[in-house]
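Under the working numbering, think of the first position of the sequence shown as 58, with each following residue one higher.
Below is one structure, written out as structure tokens, with a few remarks after it.
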Amino acid sequence: MNFTANDSVSDVLIVGGGPVGATLALALAQGAQGGEPLAVTVLEAQSNFSAPRDARTLALSHGSRLILERIGIWQKLAEPTPITRIHISQRGDFGRAMLSAEEAGMPALGYVINYADLQQALHEALSRAAIRYLTGATVEEVHPDASAPSVVFAHEDARQTLHGRVLALADGGRSLGGLSGVKRDSRDYGQCAVVCQVQTELPHHNLAYERFTSQGPAALLPFRDRYALVWTALPQQVEAMLGWDDATFLEQLHAHFGDRQGRFLWAGKRASFPLALKTSTPVTLPHTVLIGNAAQTLHPVAGQGFNIGLRDAWELAQGILSVPREQIGSQTMLAAYASGRRIDTGGGIFFTDLLVRGFSNDLPLLREARAAALSALDLLPPLKNFVVRRMIFGAKG
Ligand SMILES: Cc1cc2nc3c(=O)[nH]c(=O)nc-3n(C[C@H](O)[C@H](O)[C@H](O)COP(=O)(O)OP(=O)(O)OC[C@H]3O[C@@H](n4cnc5c(N)ncnc54)[C@H](O)[C@@H]3O)c2cc1C
């Protein structure tokens, strides 16, 4: 530990120890090794990490794997499952495309992991790292300020105030409501995702499926010896879907997906998530920066949200580590961070929004254009290469 629990000023004060905030903290702790350690504090609202509550799986890009390797987390994850091919199709049309790692000269196009496993590994690493990590600490007020930025949080029945040279808001956007100076735009897609694990008759051989339908996209991601399903539907349908018994669910899924993987034999516990695009402008305030879902919350269709959030965390850590301590959180440092992230986050938001809105309808002209686009993607190696590199490394390729 760098300082005691009574210290009230940190070099970096991180609100939210979810995947993005935790990655920032670990990258800082590791990057400072050898030099003077930074005083890093993470305030995380949750306190119980032993019972995994979040059912979602995450598709990570190869670039995200490299970041998780550098902070020592990749090695702790149980069975990340490589995706070596992705089959993209549109329900009711012939247009389809197949992306493959072999063609791209990569070991994998991405990997599938459990959100809960990731959170557990990060929690253990934070508990061991040379930082101050408070769980059960809920931030109630955030005060960006050019001279004394601070947060007020509740912890063990007491309200406390902490200051930081820079405040990094990585709380998924939950504390933004009361934050003046940030505009939070929201586009409700009118879709929810039903997620669960399913067993198919045929083994997956690391093949993922992305299927576009008028009610929204659906994905099957190879995960261990099963598939992780992300099935998008209209909110009014989701309630009924969650009430289906197993046999009905499997039958409906088969009707929705077709039988490329044979029959669906088993489905695990189902959970649902509302889907929207949320963007914060600007992502920096005096001595304060928004990262991960707090800066941009994306539809999971293209598996971009966490991958972009990880790059936010990694690049912010590099920005902090590259300046003298007294420059941490300065306007120059934060402006450089914001401009360095603009293309990547803007590209991810644009690409994801285009997929959701361009593919979630039944307009005849658009159907034909989409089928043609999928065929072109399949037949044109440069286009394929562009899409694959984007998936793996983000908009900067
Ligand atoms: C169904 C679904 C599937 C997805 N699939 C993918 C995918 O395949 N690939 C991908 O890249 N992305 C995917 N995403 C997106 C991904 O889950 C998010 O981008 C990622 O979780 C964002 O991480 P985060 O740390 O920014 O926020 P969160 O995961 O929301 O974490 C925020 C943390 O802050 C804490 N917190 C909240 N409020 C406070 C407070 N007031 N004080 C202190 N702590 C607080 C929370 O407890 C939490 O630990 C998916 C999302 C959904 C819904």
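For every residue, glycine included, the Cβ atom is placed at its ideal position computed from N, Cα and C.
The model shown is predicted, which means the values in this text are computed figures rather than measured ones.
DSSP three-state label for residue i, please.
| i | result |
| --- | --- |
| Phe443 | helix |
| Asp282 | coil |
| Phe321 | strand |
| Ser396 | helix |
| Asn59 | Low per-residue confidence applies at Asn59: pLDDT is 37, beneath 50, and the placement is therefore not dependable, though the value from the model is reported in the following sentence. Three-state DSSP puts Asn59 in coil, outside helix and strand. |
| Phe106 | coil |
| Glu213 | coil |
| Ser129 | Before going on, a small fix: residue 129 reads as Gly here, not Ser. Note: Gly129 maps to coil in three-state DSSP. |
| Val346 | strand |
| Gln384 | helix |
| Ser432 | helix |
| Pro438 | helix |
| Ala328 | strand |
| Gln361 | coil |
| Asp316 | coil |
| Ser207 | strand |
| Leu391 | helix |
| Leu85 | helix |
Suppose you measure from the CA of residue i to the CA of residue j; what does that come to, to the nearest Å?
| i | j | result |
| --- | --- | --- |
| Asp303 | Ala211 | 42 Å |
| Ser329 | Cys249 | 7 Å |
| Pro438 | Ala426 | 19 Å |
| Leu264 | Met155 | 10 Å |
| Gly404 | Leu411 | 10 Å |
| Ala429 | Glu198 | 50 Å |
| Leu226 | Pro76 | 12 Å |
| Phe60 | Arg382 | In this predicted model, Phe60 has a pLDDT of only 38, less than 50, meaning its place in the structure is not dependable; the value taken from the coordinates is given anyway. Between Phe60 and Arg382, the C-alpha separation is close to 16 Å. |
| Arg122 | Trp131 | 7 Å |
| Leu440 | Val358 | 19 Å |
| Trp301 | Gly247 | 21 Å |
| Lys326 | Ala285 | 11 Å |
| Leu307 | Ala116 | 23 Å |
| Lys133 | Leu367 | 17 Å |
| Leu321 | Arg268 | In the sequence as presented, Leu is not what sits at residue 321; that position holds Phe. Taking the straight line joining both Cα atoms gives about 16 Å. |
| Leu310 | Ala276 | 11 Å |
| Val287 | Cys253 | 7 Å |
| Asn350 | Lys335 | 8 Å |
| Ile365 | Leu179 | 18 Å |
| Gly74 | Ser432 | 42 Å |
| Ala165 | Ser207 | 43 Å |
| Pro339 | Gly238 | 8 Å |
| Glu296 | Thr305 | 14 Å |
| Leu236 | Ser65 | 21 Å |
| Tyr172 | Ala84 | 19 Å |
| His313 | Asn442 | 29 Å |
Relative to the alpha-carbon of residue i, which residue among the options has its alpha-carbon at the smallest distance?
| i | options | result |
| --- | --- | --- |
| Ala393 | Gly360, Thr341, Met298 | Thr341 |
| Gly229 | Leu355, Arg122, Ile143, Ser104 | Leu355 |
| Ile140 | His261, Val97, Ala89 | His261 |
| Leu81 | Glu136, Ile188, Leu117, Gly404 | Ile188 |
| Ile143 | Tyr168, Arg122, Thr389 | Tyr168 |
| Val251 | Thr114, Gly75, Gly120, His220 | Thr114 |
| His243 | Val66, Ala79, Ile406, Leu70 | It is worth fixing the name first, because residue 243 is Ser in this sequence and not His. Per the Cα distances, Ile406. |
| Met390 | Ala351, Ala374, Asp401, Arg185 | Ala374 |
| Gly315 | Gly74, Gln147, Leu423, Asp435 | Gln147 |
| Gln293 | Ile385, Arg281, Phe280, Gln272 | Gln272 |
| Leu219 | Asp68, Leu367, Ala135 | Asp68 |
| Arg399 | Pro343, Ser337, Ile377 | Ser337 |
| Arg162 | Gly129, Leu423, His119, Gln177 | The question names Arg, but residue 162 is Gly in the sequence shown. With distances taken between Cα atoms, Gly162 lies closest to His119. |
| Asp174 | Val413, Gln309, Phe280 | Phe280 |
| Trp371 | Gln177, Ala102, Arg127 | Arg127 |
| Leu347 | Asp150, Thr409, Arg231 | Arg231 |
| Gly234 | Ala352, Gly362, Val66 | Ala352 |
| Glu136 | Ile170, Tyr266, Gly152 | Ile170 |
| His344 | Gly386, Val380, Ala312 | Gly386 |
| Leu332 | Asp369, Ala290, His313 | Ala290 |
| Asn105 | Gln176, Val66, Asp150, Ile71 | Gln176 |
| Glu93 | Asp369, Phe443, Val380, Leu423 | Val380 |
| Ser184 | Ala86, Asp435, Arg153, Ile145 | Ala86 |
| Arg283 | Tyr266, Val444, Glu296, Gln256 | Gln256 |
| Ile71 | Ser396, Glu101, Gly88, Leu423 | Glu101 |
At least one CB of chain B closer than 7 Å to the CB of residue i: is that the case?
| i | result |
| --- | --- |
| Ala250 | Absent from the structure is chain B; it holds one protein chain and no more. |
Exercise for the section: Flag this pair as touching only if the stretch 193-200 and the stretch 212-225 have three or more C-beta atom pairs under 8 Å; answer yes or no. Expected result: The stretch 193-200 is in contact with the stretch 212-225.
Practice task
Note down, one range per segment and in chain order, each beta strand (DSSP E) of at least 3 residues found wholly within the stretch 134-203.
Solution key: Listed in chain order, the complete beta strand (DSSP E) runs (minimum 3 residues) inside the stretch 134-203 are 138-140, 142-147, 153-157, 167-171, 189-192, 195-200.
Practice task
Would you mind listing the beta strand (DSSP E) stretches within the stretch 223-309 that are 3+ residues and don't spill past its ends, in chain order?
Solution key: Segments of the beta strand (DSSP E) lying fully in the stretch 223-309: 240-257, 264-270, 273-280, 283-290.
Problem - the stretch 158-167 contacting the stretch 125-141, beta-carbon criterion three pairs below 8 Å - result: As far as the Cβ criterion goes, the stretch 158-167 touches the stretch 125-141, which means the pair count is three or higher.
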